[in-house]
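J.: Got a structure for you, written out below as structure tokens; questions coming shortly.
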Amino acid sequence: MGKQITLKIDGRPVCVPEGVLIVDAAKQAGIIIPVFCHHPKLEPVGMCRMCLVDIGRPQVDRATGAPVLNDDGTPKIGFGPKLETACTTPVSEGMVVWGATEKVMAARKDVLEFLLTSHPLDCPVCDKGGECPLQNQTMAFGPATSRFILDEKNHAAKHSPLGELIFLDRERCIQCARCVRFQDQVVDDPVIGFYQRGRNLEINTLSEPGFDSIFSGNTTDICPVGALTTTDFHFGARPWELTHKPSICSQCPVGCNLTYDVRREAKSNGKTVIKRVMPRQNEEVNEIWLCDKGRFTYTYAESPERLHQPLLRKDGDLVSVSWKEALNAASEKIRAAGNNLVTLASGRLTNEDLYAAKTLAGVTNSKLALYSNMGGGEWATRVGLSAGSNLGDLKKGSVILVIGSNLHQEAPLWWLRVKQAAQRGTTLIVANARKTRLDKFASFQRRYNYGEEVETLRSLFKDDKETADLLANAENLVIFYGSDGMGLSHTSALAETCAEQLVKTRHFGRTNNGLVPVWQHANDQGAAELGVLPDANLVNTINNAMGLYLVGVDPVGDDPLLKDAVQRAGFVIVQELFLTETAKLADVVFPAQAAVERSGTYVSGERRVQYVGAAVPALEGTKPDKGILSEILEGIGQPALPATDKEWFALAFPAIELAKLREVKEQVPAIGGRDASYGGTASKNTFGLGVHLPLVSSQNVPARCAAPAKTKLNNGDLLAVPITCLYDHGQLMDYTPLLEKRMEPGGIAIHPAQALKLDITDGQTLKIKLNGEDFSSVVKINLEQPEDVLLIARSCGIPSSAPTGAENIASESIKERGAL
Amino acid sequence: MSDLILLRHRDIPGLNQLKTYIANGGFETWKNVVTALKPDDVLNEVKNSGLRGRGGAGFPTGVKWSFLPKTIWPHYVVCNADESEPGTFKDRELMEFNPYQFLEGMMIASYAVEAHDAYIYFRGEFAEIERKIDERIDELTSKGYLGDNLFGTSYSLRIHTHLGAGAYICGEETALLESIEGRMGQPRLRPPFPAVAGLFDKPTVINNVETLANLPYILAKGAECFRENGTPKSPGTKIFSLSGRVKNPGNYELPLGSTFRELIFKHGGGILNDAKIKAIMPAGASSTLIPATEEMLDIPMEYEATSAVGAPLGSASVIVLDETVNVSRLVNSTVHFFKHESCGKCTPCREGTYWMSHITERIESGKASKEDIDLLQTVASQMQNKCFCALGEFSIMAVLSGITHFRADFEARLEK
């Protein structure tokens, strides 16, 4: 622990570690020093001058170095001639700080008067009103009237879009530079910057598309005025009308804590709807940040295309029926299928949903598989992260290895946390077949060819002179593995190899050590913990099944191979949000509740189980997945499963009480609550921080597994591998009009050298044959990938579950466009 | 004082030609420094000379150099050639007509702090001067005065030039560093000071052109000789840029301690049309106005004495006002200047200079009331001691002193 410093702020003794800034020390002691430009997660700048305080230091005799004392023996305190900024001054022993004096109060009033000279009186129409630091500080410290003449106000562009997600009101901006510093220092996307000088200093975006950063929404949380607002929440509601519904993001395995801010409104015909999404502070998971995907993809739940009535196929057509009729029909089929039923579950289901599916599979003695192309779950439960683990604690001496994952696109907040760990001194090793956004923070980068993941990992631990010792002797070692360019067999083999090495080097079973899978869904880890694993021979399994029960999955829409198999099944029962391609072929369709409509728990890839709260009442006519499964169980003569969250959770994870997930502890820095100035509008976490699951112990030790066979390529073929893009055309993304412009234009990325060979340019259409099927897609030219590989983005229209050979590659001929 | 030390080109025509400069002893000192002296010898000589920075702050140069830690490398020397203070035109004359002297000084400074790379930052408007200096640097390199292993020693030195783009704030040393590093010219937080973490985060010396131009003389003749001019606390000669309502405006090199009277009346020829002198601005637009009383005229122009009367000498750009100058008009000018040049980083300067400029404009155009004069004073006072850097702090000086000493000028503009 560092040296502790004792000082006095407003007469109160405060004790904090050395190096802490006065503003932060005051905050920790519950004393508020007003700020605008300061933010506890950004480098201090001392720009706004709001935090000016009177600072006195114990006087020291220049000649002897001895402290100067008063008559009564106390140290003589000398105050500077000028007030100093508390946000740039670190504490020192014996310091005396006064914020509550006339002089300081006058300074605060003066600074506010300056800020308010050209700040427009927009409060009645400004989104920030009600949670605005400028409003709050003006009420607390500011002048009631302005001596500035209204006509002389500086006018600037209002409602200026920085890209289509963020509006900038240049008149409201107080030039605090929080947004610019956040983009530069925290998320390494310096796409906005200052332009001009003096009174004309304004924010501009330097990227095309504008404000091209997947973290842009965070700037609207930390902007201390209504200058930066999201188009999503623009003119949406007043903050005091909103009820904060704490929950967990369902988009990726990080499990960011957030709140859905909801309001019952006349505009929505009396319904309670989500108006916006705010991060919820959890310093161990996502701190106070969200990526834009998590922040903006919630509108799918309100789509008019939501299923809200059960459907039953009668005389060849799907017709709306009652729940009773649909459940009866489904139960009958399931009873008839017996152990020839195959249930496929989605990684987006909660633990409780999965437990119910597991129960069903258990009582019918039938197969349940996780619908996923990423394996390794069985190792992650044994050598994954455990109690006390926190990426924010990793520093010099620790090592993080990221292999086969493009973290920035697969799990943005992990990219951020790993980057920060590297900047704090953690040794970062990044191994991938192509360049990723994490490379520049890595101490060591390793390139390999797609398909060589297993050999590469072994080599890092054994032959690689630079990394072998480092990995073996690391104080802590965390390995992230993803699915960049890999399918089930490659990820499974990679996971087992990682587990093998972690066991060998004894980096498991203790805090901050272990394997983190970068899953493709929010609760794939939960599925693994419950023993619900993917099927390596899915097509076969489906072919041999008498009937299918598909819970939240769309194999028909995903892959023609699966489509064939599904079509041949005896019956298909689907539990879904929308009428997907699979649902269209089904015999029974149950309308399920969306993630924001039901509560439950998820396990993040870090093995933290967190409580997912419901935000809005469920769409009329829908039921939660676990509820439907429970009624099916009843329908086949089994006891129903319990109704309360607490009971559900006790079944799924008997070792932990649900209440434990709801425990909170003080977060440092303390953000949210009633003080919007200090850290922004992220909400305070009073709902729960989650808890790590205990590791699963097992007889099975990871063994030296064989590397998967090389993908066979015929002459003229190119290797086509699956990758993940954040803004893909996944089901939930497709119903988010706000992010439409940012979604991947097509499914295929090729290297410029390859483009030259194929005579194709950016935006043109490429035709390929994959596994016997023809596909065509708009092409994206990408320099940062291997020359002879096609990258196929998942969920963008072209099925891509594993590396495969692409045949008959052809571009649309220029000739077809006719002569000039 | 007969021998000019800085404006030597006025005695020696063609001194801006290398061969003439060399013929008059040029670069002999440089050679001696590199081959016969240790860096600390040079530093101590400069320290002993008591030379104070000529850019405006007046900080003892040798002392500044000694702050550079010998544990962090490399060291850099940066020459501040961003001369943008209104009323200051001394560096320009030096760079145009006696360029090799300040270059030699810069080289000596680099040697003293063991820097191998030095930078000259020119204001954007000096593009032509920069071009010529670039040529001269090439010339010096080809003659072996700059480059690798100078005079057969292990010491190497390169000088790089960098052109600004028209911002006064880039004369502020940390904003200057930001500008060289390719960022917006906004001042940095201090601490850390440039001497410890400056250019590219390394220990850096930043000196004014005129400061550097003194160094060849100090190293050639010695600290004691240097001290023969000027006063004990402000030794040496200074170039005073005299302008305003005088008969003979221009640069005058005089010993520090010479009086305002001497500069204005003896050298400057007195006031135009023999009008009555009204006020002196000793530090360009950043000045506190000195009412030109008999007492004030006899104040010695040196750092201590001027500070004592609340009107710091600054860069010694003496602007003279006479009875034909309305101080309100003057203040409107200076305020507009600062408003235009404010970088915008800190609230008081950004908003305050903007506010003041509107008030002074209204006063000047006869659209103000008596309250506006009080308001102007209040706004200026409100900015005081709150700004991030000196620009904001100095922008109010002319305003406050103007209203204090010449309120009648402002009232004259009000509607009758």
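So the sequences go chain by chain: A and B.
In our numbering, each residue carries its 1-based index in the first sequence increased by 22.
Each step along the second sequence adds one to the number in our numbering, with nothing skipped, and position 393 is 386.
Beta carbons: idealized from backbone N, C-alpha and C, even for Gly.
Keep in mind the model is a prediction, meaning the values are calculated, not measured.
(1) Closer than 8 Å by beta-carbon distance: list the chain B residues that pair up with Thr139/A, in chain order.
(2) Which residue from Asn207/B, Ser236/B and Phe258/B puts its Cα closest to that of Asn222/B?
(3) Can you find a CB in chain B that lies within less than 8 Å of the CB of Val42/A?
(4) In angstroms with no decimal places, state the Cα-to-Cα distance between Tyr148/B and Arg85/B.
(5) Let me know the secondary structure DSSP gives Asp(-4)/B once reduced to three states.
(6) Under 8 Å between the Cβ atoms of Ile(-2)/B and Tyr210/B?
(7) If we ignore side chains and look at the alpha-carbon of each, how far apart do Phe24/A and Leu43/A end up?
(8) Any C-beta of chain A sitting closer than 8 Å to the C-beta of Asn73/B?
(9) For Gly840/A, which residues of its own chain have a beta-carbon under 7 Å away from its beta-carbon, when the five flanking residues on both sides are left out?
(10) Going along the stretch 131 to 146 of chain B in order, which residues come within less than 9 Å of chain A, judged by CB to CB distance?
(11) Are there 16 or more other CB atoms within 10 angstroms of the CB of Tyr245/B, so buried, or fewer, so exposed?
(12) Can you name the start and end residues of the alpha helix (DSSP H) that Glu829/A belongs to?
(13) Kindly give me the distance between the Cβ atoms of Leu392/A and Thr365/A, rounded to whole angstroms, as I take these residues to be in contact under 8 Å.
(14) Would you check if the distance between the CB atom of Pro180/B and the CB atom of Thr167/B is smaller than 8 Å?
(15) Spell out the partners DSSP gives Asp283/A in its beta bridges.
(16) Report buried or exposed for Val341/A, applying the criterion of at least 16 other Cβ atoms within 10 angstroms of its Cβ.
(17) Going straight from the alpha carbon of Lys30/A to that of Val38/A, what length do you get?
(18) Taking the straight line between their C-alpha atoms, what separation do you get for Asp491/A and Phe483/A?
(19) With burial defined as no fewer than 16 other Cβ atoms inside 10 Å of the residue's Cβ, what is the status of Asn830/A: buried or exposed?
(20) Just verifying my parser: in three-state terms, what is the DSSP assignment at His109/B?
(21) Can you tell me where the alpha helix (DSSP H) with Gly345/B in it begins and where it stops?
(22) Spell out whether any CB of chain B is found under 8 Å from the CB atom of Phe170/A.
(23) So for Phe797/A, helix, strand or coil by DSSP?
(24) Hey, out of Thr353/B, Gly243/B, Ile389/B and Cys382/B, whose CA is closest to Asp402/B's CA?
(25) Determine the DSSP secondary structure at Gln597/A, reduced to helix, strand or coil.
(26) For Val497/A and chain B, any beta-carbon pair shorter than 8 Å?
(27) Since Leu368/B meets chain A, which of its residues come closer than 8 Å, beta carbon to beta carbon?
(28) Just the C-alpha distance for Gly95/A and Ser114/A, rounded to the nearest angstrom, thanks.
(29) Assuming the contact rule is C-beta atoms closer than 8 Å, Asp576/A and Pro275/A should be a hit. Round their C-beta distance to whole Å, please.
(30) Who are the near neighbours of Tyr322/A in its chain, counting only those whose CB is closer than 6 Å to its CB and skipping five residues on each side?
(31) Please state whether the Cβ-Cβ distance between Thr107/A and Arg71/A is less than 8 Å.
(32) Following the continuous alpha helix (DSSP H) through His329/B, name the residue where it begins and the one where it ends.
(33) Of all the options Pro242/B, Gly18/B, Pro32/B and Met294/B, which has the alpha carbon lying nearest to the alpha carbon of Leu314/B?
(34) Tell me the DSSP bridge mates of Ser234/B?
(35) Would a check of beta-carbon distances place Ala160/B closer than 8 Å to chain A?
(36) Just mark Ser374/B as buried or exposed, buried being the case when its beta carbon has 16 or more other beta carbons within 10 Å.
T.: According to the structure data:
(1) Contacts between Thr139/A and chain B, judged by CB atoms closer than 8 Å, involve Glu344, Tyr347 and Trp348 in chain order.
(2) Out of Asn207/B, Ser236/B and Phe258/B, Asn207/B has the C-alpha closest to the C-alpha of Asn222/B.
(3) Output row for Val42/A: interface = no.
(4) C-alpha separation (whole angstroms): 30 Å.
(5) Asp(-4)/B falls in the coil class under three-state DSSP.
(6) A contact, by the Cβ cut-off of 8 Å.
(7) One detail in the question is off: residue 24/A reads as Gly in this sequence, not Phe. In this structure, the straight-line span from the alpha carbon of Gly24/A to that of Leu43/A is close to 14 Å.
(8) Taking Cβ atoms only, chain A never reaches closer than 8 Å to Asn73/B, which makes this a no.
(9) With a pLDDT of 44 at Gly840/A, under the threshold of 50, the predicted position of this residue should be treated as unreliable, though the coordinate-derived value follows. Around Gly840/A: no qualifying Cβ.
(10) Answer in chain order: no residues at all.
(11) Around the C-beta of Tyr245/B, 16 or more other C-beta atoms lie within 10 Å, and the residue is accordingly described as buried.
(12) Glu829/A -> not in any alpha helix (DSSP H); beta strand (DSSP E) instead, spanning Thr826 to Ser833.
(13) Actually they do not touch by this definition, with Cβ atoms about 10 Å apart.
(14) Yes, they are a contact pair.
(15) Answer is His266/A and Arg298/A, bridged to Asp283/A.
(16) So Val341/A ends up on the exposed side.
(17) Note on geometry: alpha-carbon atoms of Lys30/A and Val38/A lie some 11 Å from one another.
(18) Taken atom to atom, the span from the alpha-carbon of Asp491/A to that of Phe483/A is near 8 Å.
(19) Here Asn830/A is exposed. Its C-beta has fewer than 16 other C-beta atoms within 10 Å.
(20) Correct three-state label for His109/B: strand.
(21) Element bounds for Gly345/B: Thr340 to Glu357.
(22) Interface residue, yes.
(23) In the structure shown, Phe797/A falls within a strand segment according to DSSP collapsed to helix, strand and coil.
(24) Ranking the options by Cα distance to Asp402/B, first place goes to Thr353/B.
(25) The three-state secondary structure of Gln597/A, taken from DSSP, is strand.
(26) Inspection of the sequence shows that residue 497/A is occupied by Glu rather than by Val. Proximity of Glu497/A to chain B, defined by a Cβ-Cβ separation below 8 Å, is not satisfied.
(27) What Leu368/B touches in chain A: Arg169.
(28) Rounded to the nearest angstrom, the two C-alpha atoms are 20 Å apart.
(29) Not confirmed; about 20 Å, so no contact.
(30) Residues of the same chain with a CB within less than 6 Å of the CB of Tyr322/A, apart from the 5 flanking positions on each side, are Leu754 and Tyr757 in chain order.
(31) For Thr107/A and Arg71/A, yes; Cβs fall inside 8 Å.
(32) According to the DSSP assignment, His329/B belongs to the alpha helix (DSSP H) that extends over Val320 to Glu334.
(33) It is Pro242/B whose Cα lies nearest to the Cα of Leu314/B.
(34) Ser234/B pairs with Asn244/B and Ser310/B.
(35) True, the Cβ-Cβ gap to chain A drops below 8 Å.
(36) Result: exposed.
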